[in-house]
Structure formats: C-alpha cells, structure tokens
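I have placed the structure first, in the form of structure tokens, so that the comments after it can refer back to it.
Chains as they are written, first to last, in the UniProt record's numbering: chain A, 1 to 110; chain B, 1 to 265.
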C-alpha cells in the first residue's frame, strides 16, 4: 500500500491522543483524587473497550468493507477462539488462526 | 530493601532521584515482570510481521510501536488502514480503546513525577502491564520500582519485537500473498485473544454480545471502520450492571480504606 498524507495524519492523531490520555489520568487524580473514582471510571471504560473489541472481532472476521469474506477467515477465527478459551499461548493462537485459514483456502474454499 | 527508619515522606523524595527505584526491585517481581515483558515481545513480533505482511511499509509498525506503545490500538489501526478504512476513523477507533489509560493513570498517579521530562516519560510508559504490576502494591517505593521496571522493560522488548517482526514480515513473508498465508485471520484472532480475558462477568459478556450485534447491524449503513466504533452502544446494555459493580467497588474501597486506616494507626 502507499502511505499517504492522510495515513500520516491518522498515525499522528492516534499517537498524540494516546499520549494525552496517558497524561490525563495523573492530572485528574491530582485534582479530583484517584482511588474509588478511578475504579468507577475504569468499570465504564472497560465496558467501552469490551464493546469495541467485540465489534471489531466480528466485523474483521466476517467482512471486507460491506462484503462477506467467505468461510476461510471466519473458520480461522473460530479456531483462535477455541484456543483462547483453552488458554493457549498468544503465538499459538495467532499462528493457528492463520494456518487454519491458509489450509481452508488451500482446500479450495475462499 | 526496606529500611525500618524510613518514613513515607522520605521515601517519596528519595524516589525522585534517578536510579533509586531499582533498589526496591525484588527477585519475584523481576521474574514476573520479565515473563510478562517477554510475552509482550512476542506480541510485538507478531504485530510487526503481520503489519508488514499486510502491506504497510516496514517502518510503520516500528514507528507506531514507539510513539503509540499500546498494543491493541496499534493492531486495530493497522488492520483497519490496510483494510481500506479512512486513517482518521482507524485512529479514532484506537483512541476509544486507549481511553482506559485515563483510569489506569489515575490509579498509578502517585508514581508519576509531578513535573519535568520524567513526568512525560512516565506517562508514556503507562500500559496495562505497568499499571497491573503497580496497582496491587502499597509501599510507595515498591510501587515506583514496579512501575518503572515494567514500563522500561516492556518498552524495550515491545519495540525490539516489533522491529524484528517487521524485518521478518518484510523478508520471509513478503514473497507470499498474505491471503495465501491466512494472515487476514491473524488480526481478528489477536483482537479475540485480547477480548476474551476481559470477559469476566455476565455484564462483560452481555456488553460484548451487544457490541458485536450493533457492529454487524451497522455494516450496511456506515462507512468501513465505523461499525466497530458504533459498537460502543453495546455498553448501554451493561449500564445497570456497571453501576451495580460500581456500588460493589465502592463497598470494597471503603473496606480497604478502613483496613488501611486501622493498620496505620
């Protein structure tokens, strides 16, 4: 892919915003206190991350843009899910997902 | 390790001198941190390899790892961008994931120096891992040691992993079509590996399910990348659960405070 100006902007926004979020926590703690407040904010934001990650997992597994991707990729992700559930190491999960998808494609299913 | 005559105030001031946090690193902490950071290096390696194999220039995963230094958001940004999502949308999705840095930062605020360049460095070293090793500790010097040790070690290993992975991705994997290697399944697999451990309560699972449903429903109507952002609506299903958990947390918090107060007197 070509890395254009808009990609640079996206990268910069992610980096700067992430850094700002990292500074915001200690700054807020100095003004409104850490402890209990941090925990209640944490519960809500953890929920936010869970929802977005779940949304990403399904959309990235099933779609390319608006088109369904076929069987190979979802099957790879299902295998990954089983391995995560069985608490397999991270690298095993990723390699097994890719290998499953590659194998299914090799067998002729897209 | 801990001098009997040292007061918290003194420990506080000593801690701000360079080098002194390392005195409080004990063996077990070092071993645990090494294990976690080695795992981080492996994740960084897969990030670099998958990113380059998916078509980014070699320096992209390397630069992202240094300046963003937050694994999930890096994976998401690269996955969305290589999939054709507008980079700004991809960045915003990553930012939503990194919003958890705020409560983490509030929780470990005491180990972040008050001002100067060391404050900026400490902020950048804030990760799930450095917070996880810091939060359970009480002693200010131990907290500071745990935070800096984890932060620095993870930063070094994470970026080394990303660099090696990117080079591998650019040489070994570049000759083959990423589809043939099944690499398109690697991104969602990684995200799943990050998601599942976070599903601890029924509320978590309901939120995840709702997020997934909203995202899929949004695919036909929203531009690429945005459906996953729309998934934040899934958090609404958990509102009652979250507030209940908050109430439970407050009770625990009060207990801990009472206990601490009792111990200190």
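For each residue, glycine too, the CB sits at the ideal point set by N, CA and C.
- Exposed is the label assigned to residue 31 (chain B), since fewer than 16 other Cβ atoms lie within 10 Å of its Cβ.
- Residues 159 of the same chain have their beta carbon placed closer than 7 Å to that of residue 66 (chain B), with the five preceding and five following residues left out of the count.
- Residue 94 (chain A) places its beta carbon less than 8 Å from that of residue 186 (chain B).
- Contact between residue 208 (chain B) and residue 50 (chain A) holds, with the beta-carbon distance rounding to 5 Å and staying under 8 Å.
- Taking all protein chains shown into account, residue 197 (chain B) has fewer than 16 neighbouring C-beta atoms within 10 Å of its C-beta and is therefore exposed.
- Here residue 68 (chain A) is bridged, per DSSP, to A:63.
- For residue 65 (chain A), the residues of chain B that pass the 8 Å Cβ criterion are 83, 84, 224, in the order they occur in the chain.
- Residue B:72 holds the alpha-carbon nearest to the alpha-carbon of residue 189 (chain B) among B:72, B:55, B:161, B:57.
- The DSSP-derived three-state label of residue 3 (chain A) is coil.
- Boundaries for residue 127 (chain B): no alpha helix (DSSP H) harbours it, and the DSSP string shows neither H nor E there.
- Note that the C-beta distance between residue 224 (chain B) and residue 215 (chain B) is not below 8 Å.
- For residue 150 (chain B), the enclosing alpha helix (DSSP H) covers residues 140 to 171.
- Fewer than three beta-carbon pairs drawn from the segment 125 to 141 of chain B and the segment 51 to 65 of chain A are found closer than 8 Å, and the two stretches are therefore not classed as touching.
- Neighbours of residue 174 (chain B) across chain A, judged by C-beta separation under 9 Å, do not exist; the nearest C-beta is about 13 Å away.
- Not flagged as an interface residue toward chain B: residue 71 (chain A), since no C-beta distance is shorter than 8 Å.
- Bounds of the alpha helix (DSSP H) holding residue 75 (chain B) are 71 to 82.
- Using a Cβ-Cβ cut-off of 8 Å, residue 105 (chain A) is close to 179, 180, 182 of chain B, given in chain order.
- DSSP, reduced to helix, strand and coil, places residue 178 (chain B) outside both helices and strands of the structure shown, so it counts as coil.
- Membership of residue 36 (chain B) in the alpha helix (DSSP H) is indicated by the continuous run 27 to 53.
- Around the Cβ of residue 91 (chain B), a 10 Å sphere holds 16 or more other Cβ atoms; the residue is buried.
- Contact annotation, residue 46 (chain B) with residue 178 (chain B): C-beta distance approximately 14 Å; criterion of less than 8 Å not satisfied.
- In this structure, the CA atom of residue 147 (chain B) is about 18 Å from the CA atom of residue 30 (chain A).
- Chain order gives the chain A residues near residue 57 (chain B) as 3, where near means a beta carbon separation below 7 Å.
- Take the alpha-carbon of residue 211 (chain B) and the one of residue 42 (chain A): they are about 18 Å apart.
- For residue 97 (chain B), the enclosing alpha helix (DSSP H) stretches over residues 87 to 98.
- Annotation: the continuous alpha helix (DSSP H) that includes residue 101 (chain A) extends over 90 to 106.
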